[in-house]
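Worksheet for the structure shown next.
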Amino acid sequence: MATVNKNLSVYDKNSVPKAKNFRFGVVVAEWNEAITEGLYNGAEEAFLENSVPAEHIIRWNVPGSFELVYGCKKMLQTQNVDAVIAIGCVIQGETKHFDFVCEGVAQGIKDLNVQTDIPVIFCVLTDNTMQQSIDRSGGIHGNKGTEAAIAAIKMAFIRQQASLSHQKGNQNLLSTGPLRIEEGTPLELKE
Numbered sequence: 001m002a003t004v005n006k007n008l009s010v011y012d013k014n015s016v017p018k019a020k021n022f023r024f025g026v027v028v029a030e031w032n033e034a035i036t037e038g039l040y041n042g043a044e045e046a047f048l049e050n051s052v053p054a055e056h057i058i059r060w061n062v063p064g065s066f067e068l069v070y071g072c073k074k075m076l077q078t079q080n081v082d083a084v085i086a087i088g089c090v091i092q093g094e095t096k097h098f099d100f101v102c103e104g105v106a107q108g109i110k111d112l113n114v115q116t117d118i119p120v121i122f123c124v125l126t127d128n129t130m131q132q133s134i135d136r137s138g139g140i141h142g143n144k145g146t147e148a149a150i151a152a153i154k155m156a157f158i159r160q161q162a163s164l165s166h167q168k169g170n171q172n173l174l175s176t177g178p179l180r181i182e183e184g185t186p187l188e189l190k191e
């Protein structure tokens, strides 16, 4: 597995843009709740560690992972958010149900990313066993929720910078290397 040699909760805080002015939506599946709560807790903790105010984290619950796509779509349509995380957990069973749910959710999240201007982060565990999910929701491999929150912050930042770059007419701004936003100077770059 890709996570065997990686802890999902470890990230370089210096590589994370300032996030205090961003708002995030988190849509959480209730199915496999022990796992999805762990993932949500990891995401929430990472947001708070990176200066996102608690009131800027909007959480909605949906019954299961298949419903994440609709929940995310409605979040995008009705809330003023800079990115959304879809949190779910599907564990392999004896039937093809696993394949259909995983494929549908992955394609649905991809479609939202193509159709809208707000990034949707895929934080759906698709494991073979419950233990694998435990290991990735705060266990020995860290927390995929943490990784998803950091991805959401980075994608919200890219969206913001692309919008500012377009408004300023500077199409090369994003290709000049790593960007860092300093408080009060949204377009200032530092090398």
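Numbering (UniProt numbering), first residue to last: 1 to 191. Every residue gets a Cβ at the ideal spot worked out from N, C-alpha and C, and that includes glycine.
query: If you pair each beta-carbon of the stretch 25-43 with each one of the stretch 80-94, do three or more pairs fall below 8 Å?; result: yes
query: Can you tell me the Cα-Cα spacing of isoleucine 35 and glycine 104, whole angstroms?; result: 20 Å
query: Would you mind stating whether aspartate 82 and alanine 156 have Cβ atoms separated by less than 8 Å?; result: yes
query: Please report the residue range of the beta strand (DSSP E) in which residue 202 lies.; result: Residue 202 lies beyond the range of the chain shown here (1 to 191); nothing can be said about it.
query: On the DSSP letters alone, give me the boundaries of the alpha helix (DSSP H) that aspartate 12 sits inside.; result: Looking at the DSSP string, aspartate 12 is not in any alpha helix (DSSP H), and its letter there is neither H nor E.
query: Out of curiosity, what's the CA-to-CA distance linking proline 63 and cysteine 72?; result: 13 Å
query: Between the alpha carbons of leucine 8 and proline 17, how many angstroms are there, rounded?; result: 18 Å
query: Locate the beta strand (DSSP E) running through asparagine 61, then write down its first and last residues.; result: 57-62
query: Give me the residue from Asn41, Gly25, Lys110, Asp117 with the minimum Cα distance to glutamate 55.; result: Gly25
query: Just how far apart, CA to CA, sit glutamate 183 and glutamine 131?; result: Note that glutamate 183 scores 43 on pLDDT, short of 50, meaning its location in the model is unreliable and no value can be drawn from it.
query: Among Ile85, Ile158, Leu164, which one has its Cα closest to the Cα of serine 15?; result: Ile158
query: Report yes if the C-beta of proline 63 is less than 7 Å from at least one heavy atom of the ligand PLP; otherwise report no.; result: As for the ligand PLP, it is missing from this structure, which has no ligand bound.
query: Would you list the residues sitting across from asparagine 143 in a DSSP beta bridge?; result: Ser137
query: Of the choices Glu67, Ser65, Trp60, whose alpha-carbon is the least far from that of methionine 75?; result: Trp60
query: Between residue 196 and isoleucine 57, what straight-line distance do the alpha-carbon atoms span, to the nearest angstrom?; result: No answer is possible for residue 196: it lies beyond the span of the chain, which begins at 1 and ends at 191.
query: Determine the DSSP secondary structure at aspartate 82, reduced to helix, strand or coil.; result: coil
query: Report, in whole angstroms, the separation of the C-beta atoms of asparagine 80 and arginine 23, which I expect to be a contact under 8 Å.; result: 6 Å
query: Using the C-alpha atoms, what's the distance from lysine 6 back to glutamate 37?; result: 21 Å
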